[in-house]
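My numbering numbers the first residue of the sequence shown as 28 and each following residue consecutively.
Where a beta carbon is used, it is the ideal one built from N, C-alpha and C, also for glycine.
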Amino acid sequence: MAGVQSNKFPRVKSGIPGYDELVDGGFHRGTVNTITGSSGTGKTVFASQFIHYGVKNSEKGMIVTPSESAEYLKREMSSSFGWDFAGMEKEGKLSIVDVTDPVLRLQKSIEVDPVDFLINFRKLVERKLEEVKPTRLFIDDLTAFFMAVEAPFKVRSLTDDLFGTIRSSGATSVVTIGTAFGMNQFLEYGADSATLLNRERIGNNLIRSIYIMKMRGSKIASSIRVLDISDEGMAVSSLSPYP
Ligand SMILES: Nc1ncnc2c1ncn2[C@@H]1O[C@H](COP(=O)(O)OP(=O)(O)O)[C@@H](O)[C@H]1O
Ligand SMILES: [Mg+2]
């Protein structure tokens, strides 16, 4: 039966060793997958590795950086893991959309209504998806954009609009979500899958961990796993942080 299912719903490999086994083979193609965690838990590394793996395997990647500059991301991934996003960009295999770039006229400003800002952001993403036609998309921490939207129902409908735009492009996407602004639950609700990154306190040690909260239409492992980050990147261990 598993074979029949995987033909109907093709899976996309995350590129994170050990992760795909937890979600019955990988992300469903064309879905929106959120990675939630507090600062420094590894969200950007997870999503960058997803893109890097795809581009290395002849896929087209696109990264949208709403909160940090593209330059910063490229420098960080190069110095941490030797991933050459700048080179991939030059070769036309990767497109990085820097929302902090004033040329896009999307600057965060107190004069811009947050709802209008998000509508413009969605249009920008839509335009770039049509232009670049990536098979893999990574949008880095979006939560600050939603923070200024006061009504929860608006957050919900803006999330649905953005995720709907991403899905109709056909790209498989990873969207990272910080926990600082309490927006994560709305964004996770609208996503096809939700993964949580954390730090567990075991005695005097803090251990990185990962847990799959949901994946629509898929079996998921129900256990918390240890998450390792090394010079080779990120990998999910078969061990639980709790002995
Ligand atoms: N080569 C490496 N070996 C081990 N840990 C690393 C390496 N490079 C970066 N890290 C760690 O990875 C983490 C970066 O996580 P990041 O994805 O930026 O977090 P987030 O996006 O959730 O804020 C940091 O804690 C950093 O110390
Ligand atoms: Mg980050």
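Suppose you measure from the CA of K155 to the CA of I78; what does that come to, to the nearest Å?
16 Å
Three Cβ pairs or more, each shorter than 8 Å: is that satisfied between the segment 202-211 and the segment 171-190?
yes
Roughly how many angstroms separate the alpha carbons of E259 and T127, rounded to a whole number?
29 Å
To the nearest angstrom, how far is the alpha carbon of S66 from that of S257?
18 Å
Assigned secondary structure, F77 (DSSP; H/G/I helix, E/B strand, else coil)
helix
I'd like to confirm something about I43: is its beta-carbon nearer than 7 Å to some heavy atom of ligand 1, or not?
No, since every heavy atom of ligand 1 falls outside the 7 Å radius drawn around the Cβ of I43.
Helix, strand or coil: which one does DSSP assign to G191?
Here DSSP, grouped into helix, strand and coil, assigns G191 to helix.
Output yes or no for whether 8 Å exceeds the beta carbon distance between I239 and A248.
yes
Alpha carbon to alpha carbon, how far is F180 from Y46?
33 Å
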